[in-house]
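Let me begin by presenting the structure, written as structure tokens, before commenting on it.
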Amino acid sequence: MSGYQVIMVEKNRGIGVLTLNRPQVRNALNAQLTEELLNALQEMEGSEVGAVILKGAGKSFCSGHDFSELIGKTLMEYRAIFAKSVRILEAIAGMGKPVIAAVHGHATAMGCALAAGCDLTIASEDALFQTPGVNVGFACITPMAGIYRSLGRKKCLELILTGDPIDAREAERNGLVNRVVPREKLEETAMEMAEKIAAKAPLAVGMGKQSFYRMADMEHSKAYAYAIEMISINASTEDGQEGMDAFREKRTPQWKGR
307 MSGYQVIMVE KNRGIGVLTL NRPQVRNALN AQLTEELLNA LQEMEGSEVG
357 AVILKGAGKS FCSGHDFSEL IGKTLMEYRA IFAKSVRILE AIAGMGKPVI
407 AAVHGHATAM GCALAAGCDL TIASEDALFQ TPGVNVGFAC ITPMAGIYRS
457 LGRKKCLELI LTGDPIDARE AERNGLVNRV VPREKLEETA MEMAEKIAAK
507 APLAVGMGKQ SFYRMADMEH SKAYAYAIEM ISINASTEDG QEGMDAFREK
557 RTPQWKGR
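Every position in the sequence shown, counted from 1, becomes a number in my numbering once 306 is added.
Structure representation (structure tokens):
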């Protein structure tokens with residue numbers, strides 16, 4: 307699609323595919339890539355795709371912020387840079403469609419947060435996840451805000467404080483990754499998962515995702531009250547009624563998205 311220079315935007319079999327395209331710097335996030343990714347996510351939300359895959363061109367998924375744009379800034383400039391990158395994670399969580407990360411090579415610092423911030427993450431066997439900020443003088447604090455929601459407390463602190471990488475299998479064992487596959491199967495597996503979800507009732511998928519993130523930080527009583535309201539609304543929709551009718555009648559449901 308036109309209008310993008312450092313990201314490739316495609317629609318394939320009803321799935322949106324976004325490819326970070328700065329392979330010469332391992333898809334490091336600069337101002338242009340951040341802006342284009344935000345625009346592409348917004349475009350996908352407004353389109354008819356059922357799910358979105360996020361991947362990186364070249365040898366890696368994403369190496370984090372581009373240091374060539376970070377050196378020598380003022381405090382106010384740093385606030386603006388990091389706030390804008392966090393907007394990517396907020397946009398992903400706020401979308402009504404699932405975003406699946408297909409990670410290979412390095413997912414470093416904000417790249418690690420981007421992998422963690424996607425709703426689901428498929429990793430190739432060669433993937434490495436790392437928050438090495440302490441090695442260059444400042445902790446990966448904004449990435450930590452996204453990573454700790456997927457990793458356990460101790461493992462997250464280990465990554466942040468040592469800067470050491472973990473491989474795909476360890477990331478899977480610790481909840482950062484849903485599935486690990488051979489490199490040559492990565493895109494195929496991500497597409498299969500995306501198509502599987504896209505075949506479900508879109509309204510139910512969107513409400514399920516929204517409810518998950520909303521309830522994550524609620525105390526139990528508020529979460530249950532919210533859940534009662536949301537499932538009642540979902541059940542009363544046309545798709546909710548169609549799904550129950552189709553189940554009783556032993557036929558394939560026809561979703562309308564309302």
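Every residue, glycine too, gets a C-beta built ideally from N, C-alpha and C.
Remember, predicted model here, so these are calculated numbers, not experimental data.
Margin query: Taking 7 Å as the cut-off, is the C-beta of residue 505 nearer than that to any heavy atom in the ligand COA?
Written below: With respect to the ligand COA, the structure offers nothing, as it holds no ligand at all.
Checklist line | Beta-carbon gap between residue 436 and residue 488 smaller than 8 Å | finding: no
_Buried or exposed by the 16-neighbour rule on C-beta atoms within 10 Å, applied to residue 526_ = exposed
Pick out whichever of 419, 336, 519 has its Cα sitting closest to the Cα of residue 402. For the residues 419, 336, 519, the minimum Cα distance to residue 402 belongs to 519.
Between residue 359 and residue 406, how many whole angstroms is the CB-CB distance? I'm expecting something under 8 Å.
5 Å
Sequence-distant residues of its chain with Cβ nearer than 6 Å to residue 496 (five each side left out): The residues are 359, 406, 408, 428.
Within the continuous alpha helix (DSSP H) that includes residue 461, where are the two ends? 459 to 468
Taking residue 400 as the reference, give the member of 352, 446, 378 with the closest Cα.
352
**Prompt:** Can you name the start and end residues of the alpha helix (DSSP H) that residue 340 belongs to?
**Reply:** 337 to 351
Inset, instruction - State the beta-bridge partners of residue 487 as determined by DSSP. - result: 430
* List the endpoints of the continuous beta strand (DSSP E) containing residue 321. => 321 to 326
Check: So residue 497 is in the alpha helix (DSSP H); what residue range does that whole segment cover?
Finding: 492 to 504
Worksheet item: So residue 337 and residue 375 are in contact, right, with Cβ under 8 Å, and what is the actual spacing, rounded?
Response: 6 Å
Worksheet entry | Local Cβ density within 10 Å of residue 475, reported as buried at 16 or more and exposed below that | exposed
task: Would you mind giving the Cβ-Cβ distance between residue 517 and residue 481, rounded to the nearest angstrom? I have them listed as a contact below 8 Å.
output: The Cβ separation is near 20 Å, so there is no contact.
Original post:
CB-CB under 8 Å to residue 355, same chain, minus the five flanking residues each way: which ones, in chain order?
Top reply: For residue 355, where only same-chain residues beyond five positions count, the Cβ hits under 8 Å are 317, 320, 321, 322, 403, 504.
Q) Looking only at DSSP bridge pairs, what is residue 440 linked to? A) DSSP, once it has assigned bridges, lists no residue as partnering residue 440.
Tell me the rounded alpha-carbon separation between residue 394 and residue 544.
32 Å
My assumption, with CB atoms under 8 Å, is that residue 492 sits in contact with residue 564. Please give the rounded CB distance. Contact flag wrong, Cβ pair sits at about 35 Å.
For residue 414, write down the residues that DSSP places opposite it in a beta bridge.
Partner(s): 436.
### Query
Sorted by chain position, which residues of the same chain lie with C-beta nearer than 7 Å to residue 445's C-beta, five sequence neighbours on each side aside?
So the list reads 439, 466, once near-sequence residues are dropped.
Got a sec? Which residues, its chain only, sit under 6 Å from residue 485 by beta carbon, not counting five neighbours each side? Here the set comprises 428.
* Using only alpha-carbon positions, find the residue among 392, 325, 357 that is nearest to residue 511. => 357
Worksheet item: On the three-state DSSP scale, how would you describe residue 354?
Response: coil
I'd like the span of the beta strand (DSSP E) that includes residue 316, first residue to last.
313 to 318
Since residue 315 and residue 326 are thought to touch, with beta carbons under 8 Å apart, how far apart are those beta carbons, to the nearest angstrom? Actually they do not touch by this definition, with Cβ atoms about 11 Å apart.
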